[in-house]
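Worksheet: the structure to be examined is printed underneath.
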Amino acid sequence: MNSNAIKARKKVLVILTQSPYGNALSREAIDYCLAAAAFEQDLTLLFTGDAVLQLINDQNPSTINQKDLTKTLSALPIYGINQFYVDSNALEQYGIDNDFCVPTIKVDVKEISELLVNADTILNF
Amino acid sequence: MKTLHIVNKSPEKPSIMERCLNFSSKGDSLLLIEDAAYFALPSTISKITSRLDALQIKIYALEEDLVARGINKKIHGSIQIVNYEGFVELTTTHNKSSSWY
Amino acid sequence: MNYSLVILGAPYSTQSTTTALNFTKALLKNGHNVYRVFFYHDAVHNGSELSRPPQDELDISTEWKKLKNEHDIDLVICIAAAVKRGVLDNNEALRHEKKSSNLSNSFELSGLGQLVDATEHSDRVITFGP
Numbered sequence: 001m002n003s004n005a006i007k008a009r010k011k012v013l014v015i016l017t018q019s020p021y022g023n024a025l026s027r028e029a030i031d032y033c034l035a036a037a038a039f040e041q042d043l044t045l046l047f048t049g050d051a052v053l054q055l056i057n058d059q060n061p062s063t064i065n066q067k068d069l070t071k072t073l074s075a076l077p078i079y080g081i082n083q084f085y086v087d088s089n090a091l092e093q094y095g096i097d098n099d100f101c102v103p104t105i106k107v108d109v110k111e112i113s114e115l116l117v118n119a120d121t122i123l124n125f
Numbered sequence: 001m002k003t004l005h006i007v008n009k010s011p012e013k014p015s016i017m018e019r020c021l022n023f024s025s026k027g028d029s030l031l032l033i034e035d036a037a038y039f040a041l042p043s044t045i046s047k048i049t050s051r052l053d054a055l056q057i058k059i060y061a062l063e064e065d066l067v068a069r070g071i072n073k074k075i076h077g078s079i080q081i082v083n084y085e086g087f088v089e090l091t092t093t094h095n096k097s098s099s100w101y
Numbered sequence: 001m002n003y004s005l006v007i008l009g010a011p012y013s014t015q016s017t018t019t020a021l022n023f024t025k026a027l028l029k030n031g032h033n034v035y036r037v038f039f040y041h042d043a044v045h046n047g048s049e050l051s052r053p054p055q056d057e058l059d060i061s062t063e064w065k066k067l068k069n070e071h072d073i074d075l076v077i078c079i080a081a082a083v084k085r086g087v088l089d090n091n092e093a094l095r096h097e098k099k100s101s102n103l104s105n106s107f108e109l110s111g112l113g114q115l116v117d118a119t120e121h122s123d124r125v126i127t128f129g130p
């Protein structure tokens with residue numbers, strides 16, 4: 001049997017660290033995730049640091065002439081990305097823990113280390 | 001599945017190194033490049049050496065960035081200096097890398 | 001080993017590109033293969049033919065050109081991120097009714113699928129943050 005044919009897809013861990021509107025990297029990261037999802041990649045998303053702020057509901061960035069990032073984020077489950085890992089420490093730091101635009105799985109430091117260990121490739125945005 | 005953690009921001013932004021160390025696993029390595037080279041100074045690295053030791057994380061700093069900043073002779077003894085070829089070598093001996101910035 | 005690089009920082013503003021350039025040279029010197037260099041975020045400015053640093057500074061565009069000519073490495077710039085920031089090839093200039101294009105011929109504009117493909121086909125993917 002051709003070994004390439006049965007080779008599993010690479011597990012890609014995308015680590016997001018940027019706030020939604022202060023830096024275009026946040027949107028560009030989600031754009032990458034959409035593309036990867038469309039190509040049926042094995043993708044895991046981890047929101048840590050300021051990136052947890054991307055998940056807040058009721059954002060209305062038209063006031064600052066930007067597009068709503070949560071609309072793009074909410075499209076990811078349509079492409080089969082259902083696992084949104086969120087750093088519980090970062091949530092605690094900002095005092096937010098519910099009312100998010102996508103379903104989330106809260107993870108602690110140890111669980112996050114595991115995500116890194118289990119990934120084949122890590123992309124940092 | 002060891003990870004090479006690459007940090008490029010100065011100690012002025014401590015949350016970046018904090019995140020890197022929090023998410024590191026035993027036997028991972030840390031490479032200091034660009035402005036993170038300043039972490040190699042004894043007074044800054046000493047703040048995190050106990051955590052690095054506990055995780056048995058080896059610390060490397062990129063020679064070109066140290067020399068550029070005039071600190072290659074001032075760094076802490078626990079840090080190994082690597083040039084770009086050493087940087088490449090580190091990416092081959094670790095399964096993957098994570099860049100913290 | 002097969003490597004791909006993701007560069008995110010703007011040339012001349014951050015060290016991101018020059019670090020990646022030096023890393024690429026070291027890779028090639030050590031017999032590794034560069035599958036693709038993907039320019040994203042502010043690194044798309046690497047593609048501008050019009051950048052011209054003072055003579056006593058490294059001409060980053062020329063460095064990429066040399067690597068392209070000598071090793072035929074695949075230098076891909078994210079099309080959406082580039083057009084937004086004013087880095088256009090002839091096709092995009094026509095499509096958007098611009099009078100001129102500025103993409104250096106060492107590079108090509110393409111979609112994020114190229115980054116997806118690079119992660120799938122490389123043994124290592126190294127990100128050079130801004």
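Residue numbers (the numbering used here), protein chains in the order written: chain A, 1 to 125; chain B, 1 to 101; chain C, 1 to 130.
We treat Cβ as the ideally placed atom computed from N, Cα and C, and that holds for glycine.
Every value quoted in this text rests on a predicted model; they were computed, and no experiment measured them.
Q: Classify Ser62 of chain A as buried or exposed, calling it buried when 16 or more other Cβ atoms lie within 10 Å of its own Cβ.
A: exposed
**Q.** Inter-residue spacing [alpha-carbon to alpha-carbon] between Arg36 of chain C and Ile73 of chain C
**A.** 7 Å
Q: Note down, in chain order, every chain B residue with its Cβ under 7 Å from the Cβ of Pro160 of chain C.
A: Absent from the structure is residue 160 of chain C, since the part of chain C shown begins at 1 and ends at 130.
Q: Output the distance between the C-alpha atoms of Lys2 of chain B and Ser29 of chain B, rounded to the nearest integer angstrom.
A: 8 Å
Q: Note down, one range per segment and in chain order, each beta strand (DSSP E) of at least 3 residues found wholly within the stretch 3 to 59 of chain A.
A: 11 to 16, 42 to 47
Q) Under 8 Å between C-beta atoms, does Asn72 of chain B make it to chain C? A) no
(Q) I need the DSSP call for Leu8 of chain C, collapsed to helix, strand or coil. (A) coil
Q: Measure the C-alpha to C-alpha separation of Leu62 of chain B and Glu63 of chain C and round it to an integer number of angstroms.
A: 21 Å
Q) Which of the residues in the stretch 27 to 39 of chain A, read from start to end, lie with their CB under 7 Å from any CB of chain C? A) Glu28, Asp31, Tyr32, Ala35, Ala36, Phe39
Q. Given that Ser97 of chain B touches chain A, what residues does it touch there, using C-beta distances under 8 Å?
A. Ile122
Q: State the Cα-Cα distance for the pair Thr72 of chain A and Ser122 of chain C, rounded to the nearest angstrom.
A: 28 Å
(Q) Can you check whether the C-beta of Thr92 of chain B is within less than 8 Å of a C-beta belonging to chain A? (A) no
Q. So with Cβ pairs under 8 Å, would you call Val12 of chain A a contact of chain C?
A. yes
Q: For Asn90 of chain C, write down the residues that DSSP places opposite it in a beta bridge.
A: According to DSSP, which records beta bridges pairwise, Asn90 of chain C is partnered with nothing at all.
Q.
I need the straight-line Cα distance from Asn60 of chain A to Gly77 of chain B, nearest angstrom please.
A. 51 Å
Q. Alpha carbon to alpha carbon, how far is Glu108 of chain C from Ala54 of chain B?
A. 46 Å
(Q) Quick check on the burial criterion: 16 or more other C-beta atoms within 10 angstroms. Buried or exposed for Arg27 of chain A? (A) buried
**Q.** Classification of Leu4 of chain B by the beta-carbon crowding that lies within 10 angstroms, buried from 16 upward
**A.** buried
Q. Within 10 angstroms of its Cβ, does Thr93 of chain B collect 16 or more other Cβ (buried), or is it exposed?
A. exposed
Q: Could you tell me which chain C residues have their CB closer than 8 Å to the CB of Leu25 of chain A, listed as they occur along the chain?
A: Leu8, His41, Pro130
Q) Would a check of beta-carbon distances place Arg19 of chain B closer than 8 Å to chain A? A) yes
Q.
Across the stretch 12 to 30 of chain A and the stretch 37 to 46 of chain C, are there enough close Cβ pairs to call them in contact, namely three or more that are closer than 8 Å?
A. yes
Q | Contacting residues, own chain, Cβ-Cβ under 6 Å from Ser51 of chain C (five flanking each side not counted) | A | Ser61
(Q) 8 Å is my cut-off, CB to CB: does Asn83 of chain B come that close to chain A? (A) no
Q | Cβ-based neighbour list, Gly27 of chain B, same chain, cut-off 7 Å, excluding 5 preceding and 5 following | A | Lys2, Gln56
Q | Segments assigned beta strand (DSSP E), at least 3 residues, entirely inside the stretch 95 to 123 of chain A | A | 105 to 107
**Q.** 4-residue-minimum alpha helix (DSSP H) runs that sit fully inside the stretch 28 to 75 of chain B, ordered along the chain
**A.** 42 to 45, 49 to 54, 63 to 68
Q. Do the stretch 80 to 92 of chain A and the stretch 44 to 51 of chain A meet, that is, are 3 or more Cβ pairs less than 8 Å apart?
A. yes
Q) Which chain B residues are close to Thr119 of chain C, counting only those with a beta carbon under 7 Å from its beta carbon? A) Residues of chain B passing the Cβ test: none, with the nearest at roughly 11 Å.
**Q.** Contact check, Gly116 of chain A vs Leu13 of chain A, beta carbons under 8 Å
**A.** The sequence given here has Leu at residue 116 of chain A, not Gly. Yes; because the gap between Cβ atoms is below 8 Å, this pair is in contact.
Q) What do you reckon, are the CB atoms on Leu58 of chain C and Ser106 of chain C nearer than 8 Å? A) no
Q | Partner residues on chain C for Ile48 of chain B, Cβ-Cβ distance less than 9 Å | A | Here the premise fails: no neighbours, minimum Cβ distance about 20 Å.
Q: Taking a Cβ distance cut-off of 7 Å, strictly less, list which residues of the stretch 25 to 55 of chain C are near chain D, in chain order.
A: Of the chains in the structure shown, none is chain D; the protein chains are A, B and C.
Q.
Just verifying my parser: in three-state terms, what is the DSSP assignment at Leu126 of chain A?
A. Residue 126 of chain A lies beyond the residue range present for chain A, which begins at 1 and ends at 125; the question has no answer from this structure.
**Q.** Boundaries (first-last residue) of the beta strand (DSSP E) holding Glu108 of chain C
**A.** 108 to 110
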